[in-house]
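Heads up: the structure comes next, in C-alpha coordinates.
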Amino acid sequence: MASGNSLASQTAFLGIDWRLIGLGAPLLVVMLLAMMILPLPPFLLDFFFTFNIALSLIILLVAVYIHRPLEFGVFPSVLLIMT
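Remember, our numbering sits 5 above the position in the sequence shown when you count from 1.
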(Lines of atoms letter the chains of each structure in order from A and count residues from 1; the text may use other names and numbers.)
(Lines give C-alpha, C1' and ligand atoms only; values in the text may rest on other atoms or scores of the structure.)
Protein backbone atom coordinates (compact mmCIF):
# COMPACT_ATOMS: atom_id res chain seq x y z
CA MET A 1 0.00 0.00 0.00
CA ALA A 2 1.50 3.32 -1.07
CA SER A 3 1.49 6.20 1.32
CA GLY A 4 0.74 9.80 0.39
CA ASN A 5 4.36 10.69 1.03
CA SER A 6 5.69 8.39 -1.70
CA LEU A 7 3.13 9.75 -4.17
CA ALA A 8 4.27 13.30 -3.45
CA SER A 9 7.91 12.31 -3.90
CA GLN A 10 7.13 10.69 -7.28
CA THR A 11 5.27 13.70 -8.65
CA ALA A 12 7.74 16.32 -7.41
CA PHE A 13 11.11 14.62 -8.06
CA LEU A 14 13.82 17.27 -8.54
CA GLY A 15 11.23 20.00 -8.19
CA ILE A 16 9.49 19.00 -11.43
CA ASP A 17 5.80 18.20 -11.47
CA TRP A 18 5.90 15.18 -13.78
CA ARG A 19 2.13 15.25 -14.26
CA LEU A 20 2.54 18.44 -16.32
CA ILE A 21 5.10 16.87 -18.68
CA GLY A 22 2.30 15.12 -20.56
CA LEU A 23 0.84 18.51 -21.50
CA GLY A 24 3.88 19.43 -23.60
CA ALA A 25 2.86 17.83 -26.90
CA PRO A 26 -0.77 19.02 -26.89
CA LEU A 27 0.35 22.51 -25.89
CA LEU A 28 2.86 22.54 -28.74
CA VAL A 29 0.17 21.53 -31.24
CA VAL A 30 -2.14 24.31 -30.01
CA MET A 31 0.71 26.85 -30.25
CA LEU A 32 1.52 25.76 -33.81
CA LEU A 33 -2.12 26.07 -34.84
CA ALA A 34 -2.32 29.51 -33.24
CA MET A 35 0.79 30.62 -35.15
CA MET A 36 -0.84 29.54 -38.42
CA ILE A 37 -4.10 31.37 -37.70
CA LEU A 38 -3.04 34.52 -35.84
CA PRO A 39 -0.83 37.13 -37.51
CA LEU A 40 2.75 37.21 -36.22
CA PRO A 41 5.00 40.27 -36.06
CA PRO A 42 7.66 40.43 -38.80
CA PHE A 43 10.62 40.02 -36.42
CA LEU A 44 9.10 36.81 -35.05
CA LEU A 45 8.57 35.47 -38.57
CA ASP A 46 12.20 36.29 -39.40
CA PHE A 47 13.35 34.46 -36.28
CA PHE A 48 11.30 31.35 -37.09
CA PHE A 49 12.49 31.31 -40.73
CA THR A 50 16.11 31.63 -39.62
CA PHE A 51 15.67 28.92 -36.99
CA ASN A 52 14.06 26.58 -39.53
CA ILE A 53 16.83 27.07 -42.09
CA ALA A 54 19.55 26.57 -39.47
CA LEU A 55 17.90 23.40 -38.17
CA SER A 56 17.50 22.12 -41.73
CA LEU A 57 21.19 22.67 -42.41
CA ILE A 58 22.11 20.81 -39.23
CA ILE A 59 19.91 17.86 -40.25
CA LEU A 60 21.42 17.89 -43.74
CA LEU A 61 24.96 17.86 -42.36
CA VAL A 62 24.15 15.04 -39.97
CA ALA A 63 22.62 13.02 -42.81
CA VAL A 64 25.67 13.59 -45.02
CA TYR A 65 28.30 12.76 -42.40
CA ILE A 66 26.90 9.51 -40.99
CA HIS A 67 28.77 6.35 -41.91
CA ARG A 68 25.95 3.82 -41.68
CA PRO A 69 22.28 4.46 -42.48
CA LEU A 70 21.15 2.87 -39.23
CA GLU A 71 22.95 5.58 -37.25
CA PHE A 72 20.29 8.05 -38.37
CA GLY A 73 17.24 5.81 -38.39
CA VAL A 74 15.11 8.59 -36.94
CA PHE A 75 15.56 10.66 -40.14
CA PRO A 76 12.01 10.08 -41.52
CA SER A 77 10.47 11.17 -38.22
CA VAL A 78 12.70 14.25 -37.99
CA LEU A 79 11.90 15.15 -41.58
CA LEU A 80 8.17 14.79 -40.96
CA ILE A 81 8.27 16.93 -37.80
CA MET A 82 10.41 19.64 -39.42
CA THR A 83 8.02 20.10 -42.32
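Here a beta-carbon is modelled for each residue, glycine too, at the ideal position from N, C-alpha and C. This structure is a prediction, so every number in the text was calculated from the model and none was measured.
{"Query": "CB-CB length for Phe-53 against Ala-68, believed under 8 Å", "Result": "Contact doesn't hold; Cβ gap of about 22 Å is too wide."}
{"Query": "Nearest-angstrom Cα separation, counted from Ile-26 out to Leu-33", "Result": "12 Å"}
{"Query": "Per-residue DSSP class, three states only, for Thr-55", "Result": "helix"}
{"Query": "Contact under 8 Å by Cβ, Met-87 with Leu-60", "Result": "yes"}
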